[in-house]
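For reference, the structure is listed below as structure tokens.
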Amino acid sequence: MMRAAICSSFLILAGTISQRAISQEPKGQQSKRFEDSENWLRLFDGASLSGWTTKGGRYDGNAIWTIEDGAIVGRERKKQGGLLYTSQRFESFVFSLDTKIDYPFDSGIFVHMLPRKNAAGVANGKGMQVTLDYRPQGEIAGIYADGWLFHNPKVKDKWQRDEWNRVIVRCTGKTPLVEVWLNGEKVTEFARQTNEGFTPTGLIGVQVHGGRQDTTAARFKDVRLLELPVFDRVDFTVNADGLLTARDADRWQRLFNGKDLDGWEIVGGTEKGYVVKQGVLGFPKQGGGGYLRTKDDYKDFALRLDFRLAPMANSGLFLRGDREGGDPAWSGCEVQILDDHNWEKVTKSKLLPYQFCGGLYGSVAPSTKALHRPGRWNSYEAHYAGSRIRVELNGQLLYDVDTKEVKVPRGVKPFAERAQSGFIGLQRHAPAHVADGNWIEFRNIFVQRLKQ
86 MMRAAICSSF
96 LILAGTISQR
106 AISQEPKGQQ
116 SKRFEDSENW
126 LRLFDGASLS
136 GWTTKGGRYD
146 GNAIWTIEDG
156 AIVGRERKKQ
166 GGLLYTSQRF
176 ESFVFSLDTK
186 IDYPFDSGIF
196 VHMLPRKNAA
206 GVANGKGMQV
216 TLDYRPQGEI
226 AGIYADGWLF
236 HNPKVKDKWQ
246 RDEWNRVIVR
256 CTGKTPLVEV
266 WLNGEKVTEF
276 ARQTNEGFTP
286 TGLIGVQVHG
296 GRQDTTAARF
306 KDVRLLELPV
316 FDRVDFTVNA
326 DGLLTARDAD
336 RWQRLFNGKD
346 LDGWEIVGGT
356 EKGYVVKQGV
366 LGFPKQGGGG
376 YLRTKDDYKD
386 FALRLDFRLA
396 PMANSGLFLR
406 GDREGGDPAW
416 SGCEVQILDD
426 HNWEKVTKSK
436 LLPYQFCGGL
446 YGSVAPSTKA
456 LHRPGRWNSY
466 EAHYAGSRIR
476 VELNGQLLYD
486 VDTKEVKVPR
496 GVKPFAERAQ
506 SGFIGLQRHA
516 PAHVADGNWI
526 EFRNIFVQRL
536 KQ
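Okay, so the sequence shown: first residue is 86 according to this note's numbering, each after it adds one.
What follows is the structure, given as structure tokens:
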């Protein structure tokens with residue numbers, strides 16, 4: 086909701102990851118839909134470790150990492166192993182690489198890796214490992230997390246010794262389903278049953294396991310990723326374009342049909358301020374200020390949507406907006422949408438705690454900074470029932486509060502005096518310094534009316 090903005094066209098992952106199509110993908114029937122996606126990202130440029138780090142995960146170490154013949158090569162250092170991680174965190178994705186592992190050698194692909202403790206000293210949850218343990222008693226494509234979650238002893242027979250093997254890991258859902266393909270054959274399908282003790286986000290890593298003191302190595306190349314939205318697998322399925330389909334369309338209503346603005350109305354600005362293409366709703370430079378709002382009103386509901394920002398983008402999600410009550414941020418409420426990765430530096434200003442992305446504007450600060458960098462999709466979930474609102478960003482809880490108990494700015498109505506039912510809106514701030522193109526985009530907007 087910030088009142089000034091300086092935006093430019095979309096950058097893909099702040100320049101650390103370039104976009105490139107991939108033609109080879111799992112050959113199983115369930116995965117053919119992903120192989121032709123144009124949204125695959127190259128994580129390794131074949132010449133450097135740009136975009137990678139050896140610190141910031143659960144299992145940091147002292148392994149040796151080099152680039153040889155266009156591949157990442159990992160070896161022990163004085164019996165010490167370690168991981169090489171992506172520099173950015175991911176939640177829901179398809180991860181693909183080619184690997185050649187000397188025999189015998191223990192390696193693996195790790196997902197949702199965070200330090201054991203956060204900056205405040207509080208323990209973080211665990212991630213998971215897809216094992217690449219190429220030793221006599223080892224397992225390929227088992228699932229491990231400080232203990233076995235899923236054994237897979239027979240897959241090792243499918244491994245091609247002294248050859249490059251393609252391994253693809255698909256990790257989807259708030260309570261993840263982990264699927265693994267080896268050389269085009271699906272070999273693992275593991276649905277975790279709980280989120281307790283686990284983290285919903287983190288780095289992706291490849292491993293050198295220590296303890297051997299020899300020159301054997303693990304090699305990785307053609308490392309790519311297809312990022313997917315954060316969603317509940319009980320309620321939705323996802324396709325290769327990252328578009329969701331509700332399993333029960335009567336329960337989850339599609340607010341945005343992906344084709345036009347049916348069901349919405351423009352308040353302020355002009356039609357030039359909105360463009361629909363391939364299931365995505367974009368806000369281009371032209372079109373003035375204002376906002377979109379639903380034609381229907383909602384009282385108690387659950388809402389999920391994805392949004393993608395350009396640098397310095399500034400928007401907001403209005404909930405229970407009063408059609409006759411003036412600014413919907415105060416007649417209902419607003420969940421902030423802002424590029425707080427760049428805002429303070431560019432504007433040379435200091436954001437108030439509730440002005441960071443995800444904040445309940447004017448009242449509640451997000452408990453964690455979960456916003457992805459400009460160019461990546463983010464997933465919001467909001468649950469508003471009675472006076473209680475719960476908001477998640479990219480699978481991480483930002484707050485769960487009773488609005489009767491939160492403070493509001495001086496001169497602003499308390500929540501108890503605001504609309505108890507109203508429209509859902511998407512704010513258009515019309516930044517003054519925006520390059521041509523969309524400065525914010527939305528997709529996968531669904532709402533579920535909750536029974537009272």
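For every residue, glycine included, the Cβ atom is placed at its ideal position computed from N, Cα and C.
Kindly indicate which three-state DSSP category residue i falls into: helix, strand or coil?
{"i": "A106", "result": "Note that A106 has pLDDT 31, beneath the 50 cutoff, so the model's placement of it is unreliable and the number below is only indicative. Coil."}
{"i": "T216", "result": "strand"}
{"i": "A414", "result": "helix"}
{"i": "P221", "result": "coil"}
{"i": "D183", "result": "strand"}
{"i": "T488", "result": "helix"}
{"i": "E281", "result": "coil"}
{"i": "A156", "result": "strand"}
{"i": "T453", "result": "coil"}
{"i": "Y439", "result": "helix"}
{"i": "W45", "result": "For residue 45 there is no data in the structure shown, the boundaries of the chain being 86 and 537."}
{"i": "K357", "result": "helix"}
{"i": "A208", "result": "strand"}
{"i": "A501", "result": "helix"}
{"i": "K241", "result": "helix"}
{"i": "F129", "result": "coil"}
{"i": "F119", "result": "helix"}
{"i": "L33", "result": "No answer is possible for residue 33: it lies beyond the span of the chain, which begins at 86 and ends at 537."}
{"i": "H514", "result": "coil"}
{"i": "G447", "result": "coil"}
{"i": "E248", "result": "coil"}
To the nearest angstrom, how far is the alpha carbon of residue i from that of residue j?
{"i": "R513", "j": "R528", "result": "15 Å"}
{"i": "L402", "j": "A325", "result": "26 Å"}
{"i": "A302", "j": "G343", "result": "48 Å"}
{"i": "R162", "j": "L340", "result": "55 Å"}
{"i": "S133", "j": "G166", "result": "20 Å"}
{"i": "R174", "j": "I289", "result": "7 Å"}
{"i": "L511", "j": "F316", "result": "20 Å"}
{"i": "E419", "j": "R297", "result": "56 Å"}
{"i": "D218", "j": "D242", "result": "12 Å"}
{"i": "T151", "j": "K380", "result": "57 Å"}
{"i": "I97", "j": "P459", "result": "Reliability of the predicted coordinates at I97 is poor, the pLDDT of 39 falling under 50, and no value is obtained from them."}
{"i": "H236", "j": "K202", "result": "28 Å"}
{"i": "V272", "j": "N250", "result": "13 Å"}
{"i": "Q115", "j": "N479", "result": "Summary for Q115: the model assigns pLDDT 45, below 50, so the residue's position carries little reliability; its value from the coordinates is reported in the next sentence. Going by the C-alpha atoms only, they are around 25 Å apart."}
{"i": "D247", "j": "F190", "result": "12 Å"}
{"i": "Q505", "j": "M397", "result": "32 Å"}
{"i": "A331", "j": "D320", "result": "6 Å"}
{"i": "L445", "j": "A148", "result": "44 Å"}
Classify residue i: buried if its beta carbon has 16 or more other beta carbons within 10 angstroms, exposed otherwise.
{"i": "Q245", "result": "exposed"}
{"i": "E350", "result": "exposed"}
{"i": "P413", "result": "buried"}
{"i": "G155", "result": "exposed"}
{"i": "N463", "result": "buried"}
{"i": "D299", "result": "exposed"}
{"i": "Y188", "result": "exposed"}
{"i": "K117", "result": "Only weak support is given to the placement of K117: the predicted model assigns it a pLDDT of 42, under 50, and the value that follows is read from those uncertain coordinates. It is exposed - the Cβ of K117 has fewer than 16 other Cβ atoms within 10 Å."}
{"i": "P221", "result": "exposed"}
{"i": "L437", "result": "exposed"}
{"i": "N280", "result": "exposed"}
{"i": "A395", "result": "buried"}
{"i": "D407", "result": "buried"}
{"i": "T322", "result": "exposed"}
{"i": "F531", "result": "buried"}
{"i": "P238", "result": "exposed"}
{"i": "R304", "result": "buried"}
Pick out whichever of the options has its Cα sitting closest to the Cα of residue i.
{"i": "G227", "options": "G210, L169 and F195", "result": "F195"}
{"i": "I186", "options": "T273, R160 and Y359", "result": "R160"}
{"i": "R495", "options": "L478, W428 and W415", "result": "W415"}
{"i": "R461", "options": "S472, V486 and D391", "result": "D391"}
{"i": "F180", "options": "L267, K140, Y144 and I152", "result": "L267"}
{"i": "Y170", "options": "F178, E153 and G146", "result": "G146"}
{"i": "P200", "options": "G141, T216, G206 and L234", "result": "G141"}
{"i": "E356", "options": "N237, P369 and T279", "result": "P369"}
{"i": "R277", "options": "T260, D382 and G287", "result": "T260"}
{"i": "A387", "options": "E429, V308 and Y465", "result": "Y465"}
{"i": "W524", "options": "P499, D424 and D487", "result": "D424"}
{"i": "G131", "options": "C256, I157 and T139", "result": "I157"}
Under 8 Å by Cβ, that's how I've got residue i and residue j pegged, so tell me the actual separation to the nearest angstrom.
{"i": "G417", "j": "R503", "result": "6 Å"}
{"i": "L535", "j": "A470", "result": "5 Å"}
{"i": "S448", "j": "K492", "result": "6 Å"}
{"i": "L404", "j": "A467", "result": "6 Å"}
{"i": "L311", "j": "W125", "result": "5 Å"}
{"i": "G540", "j": "V352", "result": "The structure shown has nothing for residue 540, since the chain only spans 86 to 537."}
{"i": "K164", "j": "G295", "result": "5 Å"}
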